[in-house]
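Visitor: Position one of the sequence shown corresponds to residue 4 (my numbering), numbered consecutively onward. For each residue, glycine too, the CB sits at the ideal point set by N, CA and C. Note that the structure is predicted; figures quoted are calculated from it, not measured.
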Amino acid sequence: MSIIPEDGDLEEYFREYSDMYYEETALDIWNNCVVLSILSVVPSVLSLVVPNLVFGCLVSTGFIPLSVLHFSTGCIGIYLVSTLESHFGKIVLLFCWIISYVLLYTGFQLKKYSKSSISLKLTFIILLVLCEYYLIEAEVWLQIRGIVMVLVMKVLSLADDINKLDAMPGFIQYFGYTLCGANVMFGPWISFSDYLNFYKKPTKKNLIWICAIVKVLTTSLFFLTLSNCWSGYIISDDANRWLIAYKEAFAFRTSHYFISYLAEVGMIAAGFTNSSKRDSLNQYRFVITEPLEIEFPSSLSIVVKKWNQPMHDFLKKYVYYSWLGFGKFYAILATFLISSLLHGLELKVSMVLVSIGVFSYLQVVPRDRIAEIFDYCVRVRPCKDCKHKYKRDNIRVRIILLIYSLATVFHLAYLGVLMDPSTNEIGIYEKWQNLYFISHIVMFFNVMVIL
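1. Of the residues A334, E349, R372, F377, which one's Cα is nearest the Cα of G360?
2. Nearest-angstrom Cα distance between S263 and V452?
3. Whose C-alpha, out of R382, S89, S408, is nearest the C-alpha of I139?
4. How many Å lie between F58 and R384 at the Cα?
5. Straight-line CA distance for E375 to K331?
6. Can you tell me which of the three DSSP states Y393 falls into?
7. Considering only residues of the segment 46-121, which uninterrupted alpha helix (DSSP H) runs meet the minimum length of 4 residues and lie entirely inside it, listed in chain order?
8. Figure out for me which residue from Y136, S103, E135 has the closest Cα to the Cα of S122.
9. If you measure between the beta carbons of G455 and V132, is that distance less than 8 Å?
10. Please classify Y321: does DSSP put it in a helix, a strand, or coil?
11. Is it buried or exposed for R399, if we count other Cβ within 10 angstroms and need 16 for buried?
12. Over what stretch of residues does the alpha helix (DSSP H) that includes E349 continue unbroken?
13. Based on the DSSP secondary-structure assignment, which residues constitute the bridge partners of Y379?
14. Do three or more CB pairs link the segment 38-56 to the segment 246-258 at distances below 8 Å?
15. DSSP three-state label for K434, please.
16. Helix, strand or coil: how does DSSP classify E428 here?
17. For the alpha helix (DSSP H) containing P294, name the first residue and the last one.
18. How would you write the range of the alpha helix (DSSP H) that M188 sits in, first residue to last?
19. From K124, A170, V381, A185, pick the residue whose C-alpha is nearest to that of V53; which is it?
20. Just checking my contact of I403 with V368 at CB under 8 Å: how many whole Å lie between their CB atoms?
Structural data, given as structure tokens:
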């Protein structure tokens, strides 16, 4: 039986046939994906940048009362939250904010703060898990999960720091800190002391400041297009399984870079900085992530640190050091477990986080053993004053470092495939089975080295 239409409309037939096998060009990707992706985020960018630009200029005047500034940035935060589509999501955020202040204030007034701190932490950890699985619809929770997580991190850090303060933070201070317009939507976390210090030494607002904002915003949009458009164009769906795994993980990582740099835009616009440099554009930076350190990593430990530096600082200060007395392995495991809880114990995220925690430890110990036995400088972090016989410029040392670097890239692809949306349909086991569980096998051999 002929597949050509009986009416002999060959033109229509060949048009349909060509559409089936049409390959998009780079120009098609630009017109149909890149431009549309950028236009889709313009409203969010403007609502984030413009109010914070105005606020940053107000801070630099130096004559506006602090209470007014705290109130102003809190109001900007409320305005940004009000742009969310879900009304129920806004109610949940309001509930979280009110209960956090009530628990802090009540505990401080009753002079039983240590018990109140534990109650507050348990309350929010349980709330995050319940919201992830029971209380809120998935679509609504996806809108507010990041906002709630940053709020919880601020509250938990303040709960531990409050004994070091002369008094309980005033309501207006708490309002400004927890709802700060610069980081309420996309983060990052900052400590209460850093928030207060920001008002004491505001950055200069000039043309270089504007150029820094434009530079970081351009970087953010670049990673947006990499995630949405170029990753799929460069690596097609009919590539081998390993390239597809790398593509899926790369798309997730670049989407994270997009959000991180967009968050930095908000921080710079408001005047926040965590840079110690005072040269040109570098003084206007609030570094959250470092893509080059992640895409070309020396170890998983470096990836963990550079993925989200403010969150890494939070976990290190408030979790890792608290558990270090039980041993390094338990401290690492507790850190990644708490990180999973902050993410609501979402299964995919938890599997990735705990795996990275275990895998990073299983990279550190063998490298320490190799450094000790063979006197090679191959530890995860370079020696400040190296005493090893074979230093980093030695060819054998470089080969070992290259092997670990390539292995880390491989592990990132292996773990990152879980974050692809297809995992919801296929399943975690099937995703890793498709890659022959190879990372787990490699780490099993690392365990043998340790033993």
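Guide: If we stick to the structure as given:
1. A334
2. Their Cα atoms are separated by approximately 37 Å.
3. S89
4. 40 Å
5. 18 Å
6. strand
7. 69-85, 90-112
8. S103
9. With the chain represented from 4 up to 454, any question about residue 455 goes unanswered, as that position is not in the structure.
10. helix
11. Counting C-beta atoms within 10 angstroms of its own C-beta, R399 has fewer than 16 neighbours from the protein chains shown and is therefore classed as exposed.
12. Per DSSP, E349 belongs to no alpha helix (DSSP H) and is neither H nor E.
13. Paired residues: Y393.
14. no
15. If DSSP states are grouped into helix, strand and coil, K434 belongs with the helices.
16. helix
17. Under the DSSP assignment, P294 falls in the alpha helix (DSSP H) whose first and last residues are 294-298.
18. M188 -> no alpha helix (DSSP H), and no H or E assigned at all.
19. A185
20. Not a contact, Cβ separation roughly 15 Å.
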